[in-house]
Amino acid sequence: MIPEIGHFALILALGLATIQTVVPLYGFARSRTDCLAVAAPAAIGQFAMLGIAFAALAFAFYGNDFSVAYVAANSNTHLPWFYRIAAVWGAHEGSLLLWMTLLSCWSLAVAAASRTLPREVASCVLAVMGAVSVGFLLFTLFTSNPFTRQFPPPAEGRDLNPLLQDPGLVIHPPMLYMGYVGFCVAFAFAITALLTGRVDSAWTRWTRPWTTAAWVFLTIGVTLGSWWAYNELGWGGWWFWDPVENASFMPWLVGTALIHSLAVTEKRGIFKSWTVLLAISAFALSLLGTFLVRSGVLISVHAFATDPARGVYILAFFAIVIGGSLLLYAIRAPQFEAGTEPVAALSREGLLLLNNIFLVVAAAGVLLGTLYPILADSLGMGRISVGPPYFNKVFIPLTAPLVLLMGAAAVMAWKRTRAEVLRSRLWVPLLIAIGLGVAMPLLTVGAGALAAIAGCVLGCWAIATALEDVVRRCRGRRIMLPRNVLGMALAHVGVGVFVIGISLVSGFGGEHDVRLAPGESASMAGYDFTFLGTRHVEGPNFVAEVGDFVVRKDGEQIAELYPSKRRYNASGQTMTESGIDVGFWRDLYVSLGEPLSGDAWSVRIYHRPFIRWIWGGAFLSAFGGLLALSDKRYRRRARAGKAVASDRPRKTAYA
Amino acid sequence: MRWRLVIPVVVVLMLIVLLGYGLTRRPDVLPSALIDKPAPQFDLPTLASDRERIRTADLKGKVTLVNVWASWCVACRAEHALITEISRRTGVPVVGLNYKDTKEGALRWLGRYGNPFAVVAFDRSGEVGIDWGVAAVPETFVVDRQGTIRYKVVGAITRDEMNDTLVPTLERLKASGS
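Top line first, the protein sequences correspond to chains A and B. My numbering puts the first sequence at residues 31 to 685. My numbering puts the second sequence at residues 204 to 381.
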């Protein structure tokens, strides 16, 4: 019964989403307020229905209802309850349901905030989001219904993919999807701007917090994905340039560009059509990511079971939504172009323009690498896969100057900055960056790896310039700096920390493959890893061989590590669980290979200096975004929005 | 309407055409040109030793599974357990074709995940892979007693594929005596 209620709720949600789309757009065309007013209640109703559907599926998982085919395929009575709930989004159908539920959360948030927006704008935004929701609901109901029953029900489920049985899975997909779907709000604002013909500073001020919120979620989602891969894949790496990873990274790059371009549009009233295009592109890439992951067009070489009908549907949906939006853009955007003034190279907007170019080109590079296998195939060049060497070659030269620019932009004023000002303000951070950047690796991991030290200097430069800006602005002020300024500084510090992490882990990290019998040791980077032996452990739904390792430094024991090899009972798949000693300066990472003759095992040992800084930096950036979001200026939106509805750039004390 | 603003639409249209084309090219559905043809000739050193060699002729006389893999291939890791299981269940020897890889990488991979292969041919340059029509790694070929390719899987083997087609095909070929 419960699954039928869920199914029925999905159908009702489709009805409400259709109303949410059609009626307000009719009201918009005919200027009828009564029709416009339908949008918010419809969005709330849709949220309730999707909430019921989601709860119904979660309940089916919790209660081990194997008569539901999707539950039987992805769960098992021996699976711990929290993984049973997380298994809701463990495969295709449930992921879509999660996608739509989160979209309805965003719609609800827009509906709740709609009192602060002009009714016309709020209703139009909700209508566009409703249209996206209609597309996904149709897709789910016709090709990927998670509530389909099977008869007779199997006695036991096939279990959740063991790769996904990790705490990371519980939160990673919801965060990632919140980010993906969140760009739908920016997209809806962009379409509204095209329809109403208004891109003014009020519009950017409405759009900015939504974009930042989506970006924060996406940042956290991508970071958790990387952290999950590090823990679960047993390779000691944190990014693999896998198509699925790229699918989440491209919207992030364009979303980052969008945040910066929105700032320029708000402060200077320029880049308008570019900002709108970016907002459309960020969501287009989110949809493209969904397509790439779900259609099997690339994944066919990556062992995901797929259904061509789904691919065709998503592609058609993509073509209608994005093709249609861009057509609308081509027709309506010229009106935003009037009266643009030239941009000075030595100005904040000049550097932000460069930032946008680098970010967009980087995203295009990732897109090209991701799609190249299909492109090559279509040109008759055979099937190829594009690996990390390509991405590293393309990506690093594009991002290094970006970080360099980021530091300079922090001290740059809008409109025009005199070169002397730059020189006088930048030499202190520069000296600090060089000093710290060289000293830090020397004191912690040693000399060598010049490129890594250069990267470290670059990271310190980002941090030093961001802090210089904060310190200078604080000087002589009694009150706290506004949170959006602090947020920006923190986000940039995060980037610096992240760059230091990447540079040092790739420059100074080490790995070792050794054969160890019980009692034997191997050493790496001054640490001695002693293998004591393995024991047999039974988990809830797996059996494991757990290795006992003791790590010593200078004869003193500093850690005990328990890497294991798990064999999951239901699927028979084996998984490597690495043993990691987490540290601020370095991780020690051991993973078990295969049992060799006797009691010996092949063991892989990693030394990963500064790897925590990678995720730490990313989380700092996300936190910076949150801080900026909490700024008062966004909560005063209603009044401020009316006050500056004109098209003139606003001048603020802290611009 | 300014033509510059039409560029995004054109780009997206091209992208859609490309992706649509990609959808039609389902390598696991398209029949391979090599099916029911004799296995292409090769003569390669084994991974274990440069002095030992493995040739096409070595495939004759028994049903074999030829699995093309590389240590840099993520999907190969996913199918690794299944390859081991197929070999155990059917008793068919698995010949590995290590494709565009380094010796150290390949040996390390086998050390870490276990070696399901009876013998591994080491195709560093990937030339033999080209003869076999290898488009993406992994690929798996079923070769019968006469050295004829009878079935091919592109991409990682899935559990369903193993149960529904690969194992039955291997059992049938073993039983048929041909």
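Think of the CB as a built atom: it goes at the ideal place given N, C-alpha and C, for glycine as much as any other residue.
Strictly below 8 Å CB to CB, what residues from chain A border residue i?
i	result
Arg321(B)	One detail in the question is off: residue 321(B) reads as Ala in this sequence, not Arg. Neighbours of Ala321(B) on chain A: none; closest Cβ ~17 Å, over 8 Å.
Ala284(B)	Gly602, Gln603 and Thr604
Tyr316(B)	Gly623 and Glu624
Provide the residue span of the alpha helix (DSSP H) that contains residue i, from first to last.
i	result
Phe58(A)	Ile32 to Arg60
Met605(A)	Not the alpha helix (DSSP H): Met605(A) falls in the beta strand (DSSP E), residues Thr604 to Glu607.
His290(A)	Pro273 to Arg298
Arg686(A)	Past the edges of chain A, shown from 31 to 685, lies residue 686(A), and the structure says nothing about it.
Gln180(A)	Element bounds for Gln180(A): n/a, residue is neither H nor E.
What number of angstroms, rounded off, separates the C-alpha of residue i from the C-alpha of residue j?
i	j	result
Gly319(A)	Ser278(A)	7 Å
Ala335(A)	Gly478(A)	Per-residue confidence for Ala335(A) stands at a pLDDT of 40, beneath the threshold of 50, marking its modelled position as unreliable; no derived number is given.
Ile35(A)	Ala83(A)	7 Å
Glu307(B)	Met31(A)	57 Å
Pro184(A)	Val101(A)	11 Å
Arg582(A)	Leu618(A)	11 Å
Cys276(B)	Lys423(A)	19 Å
Ser137(A)	Phe425(A)	35 Å
Asp367(B)	Ile360(B)	11 Å
Ala259(A)	Gly267(A)	8 Å
Ser553(A)	Leu156(A)	60 Å
Ala39(A)	Ala161(A)	18 Å
Leu208(B)	Ala314(A)	17 Å
Asn599(A)	Asn571(A)	6 Å
Glu590(A)	Asp611(A)	8 Å
Glu568(A)	Gly417(A)	38 Å
His332(A)	Ala281(B)	Reliability of the predicted coordinates at His332(A) is poor, the pLDDT of 36 falling under 50, and the value obtained from them is presented with this limitation in mind. Between His332(A) and Ala281(B), the C-alpha separation is close to 9 Å.
Val215(B)	Ser134(A)	27 Å
Arg298(A)	Leu288(A)	15 Å
At which residues does the beta strand (DSSP E) containing residue i begin and terminate?
i	result
Leu409(A)	Element bounds for Leu409(A): n/a, residue is neither H nor E.
Leu657(A)	Careful: Leu657(A) lies outside any beta strand (DSSP E), inside the alpha helix (DSSP H) at Ile641 to Leu659.
Ile164(B)	Residue 164(B) cannot be examined here, being either before or after the span of chain B that is shown, 204 to 381.
Met554(A)	Ser551 to Met554
Asn270(B)	Thr267 to Trp272
Gly577(A)	Phe572 to Lys583
Which residues of chain B have a Cβ atom closer than 7 Å to the Cβ of residue i, listed in chain order?
i	result
Thr242(A)	Within chain B, no residue comes near Thr242(A); the closest Cβ sits about 24 Å away, beyond 7 Å.
Ala363(A)	Leu208
Ser408(A)	Leu221 and Tyr224
If we count the other Cβ atoms within 10 Å of its Cβ and call it buried at 16 or more, is residue i buried or exposed?
i	result
Pro379(B)	For clarity, residue 379(B) is Ser in the given sequence; the question names Pro instead. Flag for Ser379(B) reads exposed.
Gly354(A)	exposed
Trp444(A)	buried
Ala116(A)	buried
Ala374(A)	exposed
Trp304(A)	buried
His122(A)	buried
Phe172(A)	exposed
Phe181(A)	exposed
Arg291(B)	exposed
Ile530(A)	buried
Ile49(A)	buried
Met217(B)	exposed
Asp246(B)	exposed
Phe561(A)	buried
Pro33(A)	buried
Give a yes or no on whether the C-beta atoms belonging to residue i and residue j are separated by under 8 Å.
i	j	result
Thr372(B)	Asn270(B)	no
Ala439(A)	Asn386(A)	no
Gly623(A)	Gly314(B)	yes
Leu511(A)	Cys504(A)	yes
Val262(B)	Val297(B)	Here residue 262(B) is Leu; the residue named in the question, Val, does not match the sequence. Against a cut-off of 8 Å, the Cβ pair of Val297(B) and Leu262(B) comes out as no contact.
Phe217(A)	Ala143(A)	no
Thr234(A)	Leu389(A)	no
Arg492(A)	Val433(A)	Going by the sequence as given, residue 492(A) is Ala instead of Arg. Their beta carbons are under 8 Å apart, which means Ala492(A) touches Val433(A) by this criterion.
Leu221(B)	Phe321(A)	no
Thr474(A)	Trp645(A)	no
Gly329(B)	Lys303(B)	yes
Gly577(A)	Ser533(A)	no
Taking residue i as the query, report the chain B residues whose CB atoms sit under 8 Å from its CB, ordered along the chain.
i	result
Val323(A)	Those within 8 Å of Val323(A) in chain B number zero; the least Cβ separation is about 13 Å.
Ile404(A)	Leu221, Leu222, Tyr224, Gly225 and Arg228
Listing by chain order, which chain A residues have their CB less than 7 Å from the CB of residue i?
i	result
Val212(B)	Gly353, Leu356, Leu357 and Ala360
Mind listing the chain B neighbours of residue i? Cutoff is C-beta to C-beta under 9 Å, in chain order.
i	result
Val580(A)	What Val580(A) touches in chain B: nothing, since even the nearest Cβ is about 22 Å away.
Item to check | Interface residues of the stretch 604-635 of chain A facing chain D [CB-CB below 7 Å] | outcome: Looking at the structure shown, chain D is missing, and the protein chains on hand are A and B.
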